[in-house]
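Numbering (our numbering), first residue to last: 1441 to 1529.
See structure below.
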């Protein structure tokens, strides 16, 4: 009887340890999932900012091109074209 009780206690002890390990494992998995979600969220924010920056850059380039075009138009309308500038020097 004593041996049987001893085996039962050992078995219970092993079961408790196993449960403890399982709980720890679940906890680690939840923490890992949480970190992954946070990482994905940050990545999405970074992507969003990159798109905004890209959009601003395109707008800036567009404005610069429009500015160059208007300068060329202004030169051709007035006597400030290349020929006039050369004669002036």
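Even glycine gets a Cβ: it sits at the ideal position worked out from N, Cα and C.
In this text the structure is predicted, and so the values were computed from the model without any measurement.
In the three-state scheme derived from DSSP, where H, G and I count as helix and E and B as strand, residue 1469 is classed as helix. Within the same chain, no residue comes within 8 Å of residue 1480 by CB-CB distance, once the 5 residues on both sides are set aside. In the structure shown, residue 1497 falls within a helical segment according to DSSP collapsed to helix, strand and coil. DSSP places residue 1441 in the coil class of the three-state scheme, outside both helix and strand. Here the C-alpha atom of residue 1478 lies approximately 17 Å from the C-alpha atom of residue 1489.
Rounded to whole angstroms, the separation of the alpha carbons of residue 1508 and residue 1495 is 20 Å.
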